[in-house]
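Some notes on the structure that comes next.
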Amino acid sequence: MFSTWESYVTKLDKTNSDKLMLSVLKTGYNDEKLTNMLISAQKVPRTKSFAVRMQEELWISQDKTAHDVFKLLKLDQEAKNLLDSGELSTWVSYGTKLNKFDDRPDEFAVISYLQERFGDMELAKMISAALIRSDPNKNLMKTLQTLQFKRCLAEGVTPNSLSTMLTRGEFDYSITGVTLNYYDFYRANK
1 MFSTWESYVT
11 KLDKTNSDKL
21 MLSVLKTGYN
31 DEKLTNMLIS
41 AQKVPRTKSF
51 AVRMQEELWI
61 SQDKTAHDVF
71 KLLKLDQEAK
81 NLLDSGELST
91 WVSYGTKLNK
101 FDDRPDEFAV
111 ISYLQERFGD
121 MELAKMISAA
131 LIRSDPNKNL
141 MKTLQTLQFK
151 RCLAEGVTPN
161 SLSTMLTRGE
171 FDYSITGVTL
181 NYYDFYRANK
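Here you go:
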(Lines of atoms letter the chains of each structure in order from A and count residues from 1; the text may use other names and numbers.)
(Lines give C-alpha, C1' and ligand atoms only; values in the text may rest on other atoms or scores of the structure.)
Protein backbone atom coordinates (compact mmCIF):
# COMPACT_ATOMS: atom_id res chain seq x y z
CA MET A 1 0.00 0.00 0.00
CA PHE A 2 2.74 2.47 0.94
CA SER A 3 4.69 1.77 -2.24
CA THR A 4 1.66 2.54 -4.44
CA TRP A 5 0.95 5.76 -2.57
CA GLU A 6 4.63 6.70 -2.58
CA SER A 7 4.82 6.13 -6.34
CA TYR A 8 1.71 8.25 -6.93
CA VAL A 9 2.93 11.16 -4.79
CA THR A 10 6.37 11.04 -6.41
CA LYS A 11 4.75 11.38 -9.82
CA LEU A 12 2.79 14.40 -8.56
CA ASP A 13 5.80 16.20 -7.11
CA LYS A 14 9.26 14.74 -7.71
CA THR A 15 11.19 17.40 -5.81
CA ASN A 16 9.11 17.55 -2.62
CA SER A 17 7.44 14.15 -2.51
CA ASP A 18 8.71 13.29 0.99
CA LYS A 19 7.53 16.62 2.38
CA LEU A 20 4.14 16.14 0.72
CA MET A 21 3.74 12.59 2.07
CA LEU A 22 4.66 13.75 5.57
CA SER A 23 2.11 16.56 5.45
CA VAL A 24 -0.59 14.02 4.53
CA LEU A 25 0.48 11.71 7.37
CA LYS A 26 0.49 14.63 9.83
CA THR A 27 -3.15 15.39 9.05
CA GLY A 28 -4.14 11.98 10.44
CA TYR A 29 -1.63 11.53 13.26
CA ASN A 30 -0.06 13.72 15.92
CA ASP A 31 3.75 13.79 16.12
CA GLU A 32 3.94 11.17 18.89
CA LYS A 33 1.71 8.63 17.11
CA LEU A 34 3.43 9.30 13.81
CA THR A 35 6.84 8.77 15.41
CA ASN A 36 5.74 5.45 16.93
CA MET A 37 4.28 4.35 13.60
CA LEU A 38 7.49 5.24 11.77
CA ILE A 39 9.64 3.42 14.33
CA SER A 40 7.52 0.30 13.82
CA ALA A 41 7.66 0.67 10.03
CA GLN A 42 11.47 0.87 10.17
CA LYS A 43 11.53 -2.68 11.55
CA VAL A 44 9.81 -4.08 8.45
CA PRO A 45 12.23 -4.47 5.52
CA ARG A 46 9.58 -3.56 2.94
CA THR A 47 8.75 -0.21 4.57
CA LYS A 48 12.10 0.64 6.18
CA SER A 49 13.46 3.10 3.59
CA PHE A 50 10.12 4.92 3.38
CA ALA A 51 9.88 5.13 7.18
CA VAL A 52 13.45 6.42 7.52
CA ARG A 53 12.80 9.17 4.97
CA MET A 54 9.54 10.15 6.69
CA GLN A 55 11.28 10.19 10.07
CA GLU A 56 13.94 12.53 8.68
CA GLU A 57 11.26 14.81 7.21
CA LEU A 58 9.45 14.83 10.56
CA TRP A 59 12.63 15.84 12.38
CA ILE A 60 13.26 18.58 9.82
CA SER A 61 9.70 19.87 10.29
CA GLN A 62 10.34 19.91 14.06
CA ASP A 63 13.61 21.86 13.56
CA LYS A 64 15.68 19.08 15.16
CA THR A 65 19.42 19.65 14.96
CA ALA A 66 21.90 16.84 14.35
CA HIS A 67 22.79 17.10 18.04
CA ASP A 68 19.10 16.78 19.04
CA VAL A 69 18.72 13.63 16.95
CA PHE A 70 22.01 12.22 18.27
CA LYS A 71 20.55 12.47 21.78
CA LEU A 72 17.08 11.35 20.69
CA LEU A 73 18.54 8.16 19.24
CA LYS A 74 20.48 7.78 22.52
CA LEU A 75 23.77 7.67 20.67
CA ASP A 76 25.24 9.93 23.35
CA GLN A 77 24.82 6.99 25.77
CA GLU A 78 26.54 4.48 23.50
CA ALA A 79 30.15 5.71 24.03
CA LYS A 80 32.50 2.96 22.81
CA ASN A 81 29.63 0.95 21.27
CA LEU A 82 28.49 3.89 19.15
CA LEU A 83 29.91 2.51 15.91
CA ASP A 84 28.08 -0.80 16.43
CA SER A 85 24.73 0.91 16.95
CA GLY A 86 22.07 0.37 14.32
CA GLU A 87 20.91 3.94 14.93
CA LEU A 88 24.21 5.45 13.79
CA SER A 89 23.33 5.13 10.09
CA THR A 90 20.01 6.91 10.77
CA TRP A 91 21.87 9.78 12.42
CA VAL A 92 24.52 9.99 9.68
CA SER A 93 21.80 10.04 7.02
CA TYR A 94 19.92 12.79 8.87
CA GLY A 95 23.04 14.84 9.57
CA THR A 96 24.04 14.64 5.91
CA LYS A 97 20.56 15.60 4.72
CA LEU A 98 20.33 18.47 7.21
CA ASN A 99 23.75 19.76 6.16
CA LYS A 100 22.53 20.13 2.57
CA PHE A 101 20.10 22.83 3.74
CA ASP A 102 22.93 25.01 5.10
CA ASP A 103 23.90 28.14 3.19
CA ARG A 104 27.42 26.72 2.98
CA PRO A 105 27.18 22.93 3.22
CA ASP A 106 30.17 21.28 4.88
CA GLU A 107 31.15 17.91 3.43
CA PHE A 108 32.75 17.08 6.77
CA ALA A 109 29.84 18.08 9.08
CA VAL A 110 29.09 14.54 10.27
CA ILE A 111 32.70 13.53 10.83
CA SER A 112 33.41 16.90 12.49
CA TYR A 113 30.62 16.30 14.99
CA LEU A 114 31.97 12.84 15.84
CA GLN A 115 35.54 14.17 16.10
CA GLU A 116 34.38 16.86 18.53
CA ARG A 117 32.75 14.18 20.68
CA PHE A 118 35.56 11.63 20.69
CA GLY A 119 38.68 13.43 19.46
CA ASP A 120 40.32 12.97 16.07
CA MET A 121 42.69 10.16 16.95
CA GLU A 122 40.30 8.25 19.22
CA LEU A 123 37.63 8.30 16.51
CA ALA A 124 40.17 7.11 13.93
CA LYS A 125 41.05 4.16 16.20
CA MET A 126 37.37 3.39 16.88
CA ILE A 127 36.58 3.35 13.15
CA SER A 128 39.61 1.18 12.39
CA ALA A 129 38.60 -1.31 15.09
CA ALA A 130 35.01 -1.37 13.77
CA LEU A 131 36.29 -2.09 10.26
CA ILE A 132 38.17 -5.14 11.52
CA ARG A 133 35.02 -6.54 13.13
CA SER A 134 32.44 -8.02 10.82
CA ASP A 135 29.55 -5.80 11.76
CA PRO A 136 26.46 -4.49 9.97
CA ASN A 137 27.88 -0.95 9.83
CA LYS A 138 31.00 -1.88 7.85
CA ASN A 139 30.04 0.19 4.77
CA LEU A 140 29.18 3.13 6.99
CA MET A 141 32.56 2.79 8.74
CA LYS A 142 34.32 2.86 5.37
CA THR A 143 32.41 6.03 4.49
CA LEU A 144 33.27 7.68 7.81
CA GLN A 145 36.92 6.69 7.51
CA THR A 146 37.07 8.10 3.98
CA LEU A 147 35.56 11.38 5.21
CA GLN A 148 38.04 11.54 8.05
CA PHE A 149 40.95 10.81 5.72
CA LYS A 150 39.74 13.40 3.18
CA ARG A 151 39.68 15.95 5.95
CA CYS A 152 43.20 14.97 7.06
CA LEU A 153 44.42 15.27 3.47
CA ALA A 154 42.77 18.70 3.11
CA GLU A 155 44.55 19.80 6.30
CA GLY A 156 47.92 18.64 4.93
CA VAL A 157 48.37 15.67 7.26
CA THR A 158 50.96 13.21 5.93
CA PRO A 159 51.05 9.50 6.86
CA ASN A 160 54.15 10.15 8.99
CA SER A 161 52.55 13.01 10.91
CA LEU A 162 49.38 10.94 11.43
CA SER A 163 51.47 8.07 12.77
CA THR A 164 53.22 10.46 15.16
CA MET A 165 49.89 11.86 16.40
CA LEU A 166 48.50 8.36 16.92
CA THR A 167 51.47 7.04 18.89
CA ARG A 168 51.49 9.82 21.50
CA GLY A 169 49.56 7.62 23.91
CA GLU A 170 49.88 3.93 24.62
CA PHE A 171 50.33 1.62 21.66
CA ASP A 172 47.39 -0.46 20.53
CA TYR A 173 46.90 -2.49 17.39
CA SER A 174 44.19 -0.22 15.95
CA ILE A 175 46.90 2.41 15.41
CA THR A 176 48.52 0.16 12.81
CA GLY A 177 45.24 -0.20 10.92
CA VAL A 178 44.66 3.55 10.87
CA THR A 179 48.22 4.26 9.73
CA LEU A 180 48.19 1.66 6.95
CA ASN A 181 44.73 2.65 5.72
CA TYR A 182 45.67 6.34 5.66
CA TYR A 183 48.92 5.56 3.85
CA ASP A 184 46.93 3.76 1.12
CA PHE A 185 44.39 6.59 0.96
CA TYR A 186 47.14 9.22 0.85
CA ARG A 187 48.98 7.50 -2.02
CA ALA A 188 45.76 7.07 -4.00
CA ASN A 189 44.60 10.67 -3.54
CA LYS A 190 47.72 12.81 -3.38
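Numbering (full-length UniProt numbering), first residue to last: 1 to 190. Beta carbons are placed, not taken as given, at the ideal position from N, Cα and C, and that holds for glycine.
Using a Cβ distance threshold of 9 Å, Leu88 and Asn139 do not count as a contacting pair. In this structure, Leu166 places its C-beta atom within 9 Å of the C-beta atom of Ala124. Within the same chain, Cβ atoms closer than 7 Å to the Cβ of Thr90 are found at Val52 and Leu73, the five residues on either side in sequence being excluded. Comparing alpha carbon positions, the residue from Ala129, Phe50, Ser40 and Met126 closest to Lys19 is Phe50. Annotation note: the segment 38-88 contains the following uninterrupted alpha helix (DSSP H) runs of length 4 or greater, listed N- to C-terminal: 48-61 and 66-72.
The segment 55-62 makes contact with the segment 22-42: 3 or more CB pairs, one atom from each, lie closer than 8 Å.
The straight-line gap separating the alpha-carbon atoms of Ser128 and Tyr8 is approximately 43 Å. The beta-carbon separation of Tyr182 and Phe149, rounded to 6 Å, stays under the 8 Å limit for a contact.
Put simply, the backbone Cα of Thr10 is about 42 Å away from that of Lys190. Here the C-alpha atom of Arg117 lies approximately 40 Å from the C-alpha atom of Trp5. Excluding its 5 nearest sequence neighbours in each direction, Asp184 has no C-beta neighbour in its own chain below 8 Å. Taking 4 residues as the minimum length, the alpha helix (DSSP H) runs contained wholly in the segment 95-156 are 109-118, 120-132 and 138-154, in order along the chain.
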